[in-house]
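Right, one structure below, let's go through it.
Residue numbers (UniProt numbering): 1 to 210.
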(Lines of atoms letter the chains of each structure in order from A and count residues from 1; the text may use other names and numbers.)
(Lines give C-alpha, C1' and ligand atoms only; values in the text may rest on other atoms or scores of the structure.)
Protein backbone atom coordinates (compact mmCIF):
# COMPACT_ATOMS: atom_id res chain seq x y z
CA UNK A 1 0.00 0.00 0.00
CA UNK A 2 1.20 3.55 -0.64
CA UNK A 3 0.05 6.67 1.11
CA UNK A 4 0.38 9.92 -0.76
CA UNK A 5 -0.49 13.34 0.56
CA UNK A 6 0.82 16.38 -1.29
CA UNK A 7 3.75 14.36 -2.67
CA UNK A 8 3.58 10.94 -4.25
CA UNK A 9 4.34 7.96 -2.00
CA UNK A 10 3.30 4.32 -1.85
CA UNK A 11 2.55 1.66 0.73
CA UNK A 12 2.16 -2.02 -0.14
CA UNK A 13 0.34 -4.47 2.13
CA UNK A 14 -0.53 -8.16 1.92
CA UNK A 15 -3.96 -9.07 0.58
CA UNK A 16 -5.06 -10.63 3.88
CA UNK A 17 -5.36 -7.13 5.37
CA UNK A 18 -9.14 -6.69 5.59
CA UNK A 19 -9.29 -3.07 6.76
CA UNK A 20 -7.00 -0.06 6.63
CA UNK A 21 -7.58 3.37 8.12
CA UNK A 22 -5.92 6.51 6.78
CA UNK A 23 -5.68 9.07 9.56
CA UNK A 24 -4.56 12.66 10.09
CA UNK A 25 -6.44 13.99 7.07
CA UNK A 26 -7.85 17.50 6.90
CA UNK A 27 -11.59 18.22 7.31
CA UNK A 28 -13.35 19.63 4.23
CA UNK A 29 -10.38 18.81 1.96
CA UNK A 30 -10.60 16.79 -1.24
CA UNK A 31 -8.50 13.66 -1.66
CA UNK A 32 -8.15 11.07 -4.39
CA UNK A 33 -7.52 7.43 -3.50
CA UNK A 34 -6.21 4.54 -5.57
CA UNK A 35 -6.35 0.87 -4.63
CA UNK A 36 -4.51 -1.44 -6.98
CA UNK A 37 -4.76 -5.24 -6.88
CA UNK A 38 -1.61 -7.25 -7.53
CA UNK A 39 -0.73 -10.91 -8.04
CA UNK A 40 2.60 -12.66 -8.57
CA UNK A 41 2.32 -11.50 -12.18
CA UNK A 42 2.55 -7.89 -10.99
CA UNK A 43 0.36 -4.81 -11.17
CA UNK A 44 -1.59 -3.33 -14.10
CA UNK A 45 -0.06 -0.36 -15.88
CA UNK A 46 -0.21 2.96 -14.08
CA UNK A 47 -2.11 4.63 -16.94
CA UNK A 48 -5.14 2.44 -16.25
CA UNK A 49 -5.42 3.26 -12.55
CA UNK A 50 -8.79 4.79 -11.68
CA UNK A 51 -8.95 7.38 -8.90
CA UNK A 52 -11.69 7.57 -6.28
CA UNK A 53 -12.49 11.20 -5.33
CA UNK A 54 -13.20 11.69 -1.63
CA UNK A 55 -14.33 14.96 -0.06
CA UNK A 56 -13.72 14.86 3.69
CA UNK A 57 -16.70 16.20 5.65
CA UNK A 58 -16.52 19.35 7.71
CA UNK A 59 -16.88 19.08 11.44
CA UNK A 60 -20.66 18.82 11.71
CA UNK A 61 -23.22 18.75 14.53
CA UNK A 62 -24.26 15.41 15.99
CA UNK A 63 -27.72 15.60 14.39
CA UNK A 64 -26.30 15.38 10.84
CA UNK A 65 -26.11 11.74 9.61
CA UNK A 66 -22.85 9.88 9.26
CA UNK A 67 -21.85 8.57 5.80
CA UNK A 68 -23.60 5.27 5.02
CA UNK A 69 -21.83 1.95 4.49
CA UNK A 70 -22.35 1.13 0.80
CA UNK A 71 -21.88 -2.11 -1.16
CA UNK A 72 -22.13 -2.53 -4.93
CA UNK A 73 -22.89 -5.66 -6.96
CA UNK A 74 -22.81 -5.95 -10.75
CA UNK A 75 -25.72 -7.99 -12.17
CA UNK A 76 -27.35 -8.59 -15.54
CA UNK A 77 -30.09 -6.16 -16.50
CA UNK A 78 -33.13 -8.42 -16.78
CA UNK A 79 -35.17 -5.73 -18.54
CA UNK A 80 -32.84 -5.30 -21.54
CA UNK A 81 -30.66 -7.65 -23.58
CA UNK A 82 -26.87 -7.21 -23.37
CA UNK A 83 -27.14 -4.56 -20.68
CA UNK A 84 -25.74 -4.57 -17.15
CA UNK A 85 -26.93 -3.20 -13.83
CA UNK A 86 -25.49 -2.19 -10.47
CA UNK A 87 -27.34 -3.16 -7.31
CA UNK A 88 -26.60 -0.74 -4.48
CA UNK A 89 -27.15 -1.57 -0.81
CA UNK A 90 -26.46 0.73 2.12
CA UNK A 91 -26.90 1.08 5.86
CA UNK A 92 -25.97 3.67 8.43
CA UNK A 93 -23.17 2.86 10.87
CA UNK A 94 -24.14 1.93 14.41
CA UNK A 95 -22.55 5.16 15.65
CA UNK A 96 -25.09 7.31 13.81
CA UNK A 97 -27.38 9.24 16.19
CA UNK A 98 -29.14 11.53 13.72
CA UNK A 99 -32.73 10.93 12.62
CA UNK A 100 -32.62 10.39 8.86
CA UNK A 101 -35.18 12.12 6.63
CA UNK A 102 -34.06 10.34 3.47
CA UNK A 103 -31.18 9.45 1.16
CA UNK A 104 -29.75 11.00 -1.98
CA UNK A 105 -28.10 8.85 -4.63
CA UNK A 106 -26.30 9.85 -7.80
CA UNK A 107 -24.09 8.04 -10.27
CA UNK A 108 -22.14 8.55 -13.46
CA UNK A 109 -20.10 6.77 -16.05
CA UNK A 110 -16.54 7.70 -15.16
CA UNK A 111 -15.49 11.18 -16.32
CA UNK A 112 -19.03 12.05 -17.47
CA UNK A 113 -21.80 14.15 -15.97
CA UNK A 114 -23.49 12.99 -12.76
CA UNK A 115 -27.04 11.62 -13.02
CA UNK A 116 -29.26 12.56 -10.11
CA UNK A 117 -29.62 13.20 -7.30
CA UNK A 118 -32.27 10.52 -6.81
CA UNK A 119 -34.19 11.20 -3.59
CA UNK A 120 -35.16 8.10 -1.62
CA UNK A 121 -37.21 7.63 1.58
CA UNK A 122 -35.51 6.80 4.91
CA UNK A 123 -36.91 3.26 4.86
CA UNK A 124 -35.20 2.39 1.56
CA UNK A 125 -31.79 0.70 1.76
CA UNK A 126 -31.23 -0.53 -1.81
CA UNK A 127 -31.49 0.69 -5.39
CA UNK A 128 -30.66 -0.80 -8.80
CA UNK A 129 -29.25 1.20 -11.71
CA UNK A 130 -30.18 -0.42 -15.03
CA UNK A 131 -29.28 -0.02 -18.70
CA UNK A 132 -25.51 0.21 -18.21
CA UNK A 133 -22.63 -0.50 -20.57
CA UNK A 134 -19.39 -2.26 -19.64
CA UNK A 135 -17.32 0.55 -18.13
CA UNK A 136 -16.26 2.18 -14.86
CA UNK A 137 -19.08 3.79 -12.87
CA UNK A 138 -19.02 6.00 -9.80
CA UNK A 139 -21.83 5.83 -7.24
CA UNK A 140 -22.46 8.26 -4.37
CA UNK A 141 -24.93 7.81 -1.50
CA UNK A 142 -25.56 10.14 1.43
CA UNK A 143 -28.20 10.54 4.13
CA UNK A 144 -29.81 13.81 5.18
CA UNK A 145 -31.72 15.08 8.20
CA UNK A 146 -33.70 18.24 8.94
CA UNK A 147 -30.40 19.87 9.91
CA UNK A 148 -28.51 19.13 6.73
CA UNK A 149 -26.76 16.57 4.54
CA UNK A 150 -24.42 13.98 5.94
CA UNK A 151 -21.12 13.04 4.36
CA UNK A 152 -21.30 11.05 1.13
CA UNK A 153 -19.87 7.61 0.51
CA UNK A 154 -18.47 7.20 -3.00
CA UNK A 155 -17.52 3.97 -4.72
CA UNK A 156 -16.33 2.99 -8.15
CA UNK A 157 -17.02 -0.33 -9.88
CA UNK A 158 -16.43 -1.93 -13.26
CA UNK A 159 -19.52 -3.47 -14.82
CA UNK A 160 -17.59 -6.06 -16.85
CA UNK A 161 -16.25 -9.02 -14.82
CA UNK A 162 -12.56 -9.78 -15.51
CA UNK A 163 -11.66 -12.63 -17.85
CA UNK A 164 -10.90 -15.69 -15.67
CA UNK A 165 -8.08 -16.69 -18.06
CA UNK A 166 -6.26 -13.39 -17.60
CA UNK A 167 -2.95 -13.69 -15.74
CA UNK A 168 -2.95 -10.08 -14.61
CA UNK A 169 -5.36 -8.90 -11.90
CA UNK A 170 -8.29 -6.57 -12.65
CA UNK A 171 -7.22 -2.99 -13.33
CA UNK A 172 -8.12 -2.02 -9.77
CA UNK A 173 -9.76 -3.51 -6.72
CA UNK A 174 -12.74 -1.24 -6.18
CA UNK A 175 -14.89 -4.35 -6.63
CA UNK A 176 -13.06 -5.76 -3.60
CA UNK A 177 -12.52 -2.76 -1.32
CA UNK A 178 -15.00 -0.18 -0.02
CA UNK A 179 -13.95 3.34 0.93
CA UNK A 180 -15.92 5.04 3.70
CA UNK A 181 -15.46 8.31 5.58
CA UNK A 182 -16.49 8.05 9.22
CA UNK A 183 -14.73 11.11 10.68
CA UNK A 184 -13.62 14.46 9.22
CA UNK A 185 -9.97 13.42 9.60
CA UNK A 186 -9.84 9.77 8.49
CA UNK A 187 -11.12 7.34 5.88
CA UNK A 188 -11.31 3.55 6.02
CA UNK A 189 -10.82 0.91 3.33
CA UNK A 190 -12.65 -2.36 4.02
CA UNK A 191 -12.28 -5.60 2.07
CA UNK A 192 -15.68 -6.81 0.87
CA UNK A 193 -14.98 -10.28 -0.51
CA UNK A 194 -12.34 -12.97 -0.87
CA UNK A 195 -9.86 -12.78 -3.71
CA UNK A 196 -6.67 -14.30 -5.05
CA UNK A 197 -4.67 -11.13 -4.56
CA UNK A 198 -1.12 -11.22 -3.24
CA UNK A 199 -0.61 -7.50 -2.62
CA UNK A 200 -2.68 -4.35 -2.45
CA UNK A 201 -1.28 -0.93 -3.34
CA UNK A 202 -2.89 2.22 -1.92
CA UNK A 203 -2.30 5.83 -2.97
CA UNK A 204 -3.82 8.92 -1.38
CA UNK A 205 -3.44 12.35 -2.93
CA UNK A 206 -4.63 15.64 -1.44
CA UNK A 207 -5.94 17.95 -4.16
CA UNK A 208 -6.46 20.95 -1.86
CA UNK A 209 -3.27 22.64 -0.79
CA UNK A 210 -3.26 23.42 2.94
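Idealized CB from N, CA, C, for every residue including glycine.
Is residue i helix, strand or coil when you go by DSSP?
i           : result
residue 39  : strand
residue 119 : strand
residue 20  : strand
residue 14  : strand
residue 83  : coil
residue 104 : strand
residue 143 : strand
residue 128 : strand
residue 135 : coil
residue 109 : strand
residue 30  : strand
residue 257 : For the chain, the structure presents residues 1 to 210; residue 257 sits outside this window and is missing.
residue 148 : strand
Buried or exposed for residue i, please, with buried defined as at least 16 other CB atoms from any protein chain shown within 10 angstroms of its CB.
i           : result
residue 98  : buried
residue 65  : buried
residue 34  : buried
residue 160 : exposed
residue 140 : buried
residue 75  : exposed
residue 152 : buried
residue 96  : buried
residue 155 : buried
residue 70  : buried
Starting from residue i, follow the beta strand (DSSP E) in both directions and report where the run begins and ends.
i           : result
residue 53  : 52 to 55
residue 153 : 153 to 158
residue 74  : 69 to 76
Is the CB-CB distance between residue i and residue j below 8 Å?
i           : j           : result
residue 83  : residue 131 : yes
residue 117 : residue 102 : no
residue 68  : residue 92  : yes
Three or more C-beta pairs below 8 Å linking the segment 86 to 97 and the segment 127 to 136: Between the segment 86 to 97 and the segment 127 to 136, the count of Cβ pairs shorter than 8 Å is three or higher; the stretches touch.
| message | Does the segment 22 to 33 come into contact with the segment 130 to 148, if we say contact requires no fewer than three beta-carbon pairs (one atom in each stretch) closer than 8 Å? | response | Below 8 Å, too few C-beta pairs join the segment 22 to 33 and the segment 130 to 148 to call them touching: fewer than three.
Check whether the segment 95 to 113 and the segment 71 to 82 are in contact - that is, three or more C-beta pairs closer than 8 Å. Flag = no, the segment 95 to 113 and the segment 71 to 82 do not touch.
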